[in-house]
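Working notes for the structure below.
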Amino acid sequence: MSTAARDASHDNIFKSMKDITFEQTISHQCGVTMNDSVEARAIAEFMSKKPGVTITYQPALIRI
446 MSTAARDASH DNIFKSMKDI TFEQTISHQC GVTMNDSVEA RAIAEFMSKK PGVTITYQPA
506 LIRI
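Using my numbering, read the sequence shown as starting at 446 and increasing by one per residue.
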């Protein structure tokens, strides 16, 4: 994966507990968590080009 592609989609979807507000609403969001692998990185790079998709890289996981 290119560095530019990874930096452009390196937003973090996880928040600290003090920043979380619990609401009784529907987010209309879904996601997939994959083990970090060659295949998962290829899928993440492909999906990062889609509008509204956030990719988060963890040490052993990729969250799309």
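Note that the Cβ used here is the ideal one computed from N, Cα and C, for glycine as well.
Being a predicted model, the structure only gives us computed values, none of them experimental.
Hey, out of the options, whose CA is closest to residue i's CA?
i, options, result
"Ala505", "Ala489, Thr499 and Ser482", "Ser482"
Note the first and the last residue of the continuous beta strand (DSSP E) segment covering residue i.
i, result
"Met462", "Counting along the chain, Met462 falls outside any beta strand (DSSP E), and DSSP gives it neither H nor E."
"Ile500", "No beta strand (DSSP E) contains Ile500, which DSSP labels as neither H nor E."
"Thr478", "Thr478 to Asn480"
Can you tell me the Cα-Cα spacing of residue i and residue j, whole angstroms?
i, j, result
"Asn480", "Thr499", "16 angstroms"
"Met492", "Phe459", "19 angstroms"
"Met446", "Thr478", "For Met446, the predicted model reports a pLDDT of 48, less than 50, meaning its position is unreliable and no value from the coordinates is stated."
"Phe467", "Ile509", "22 angstroms"
"Ile471", "Lys494", "25 angstroms"
Given a cut-off of 8 angstroms, decide if residue j and residue i are closer than it, judged by their beta-carbon atoms.
i, j, result
"Lys507", "Ala485", "According to the sequence shown, residue 507 is Ile rather than Lys. Contact: yes."
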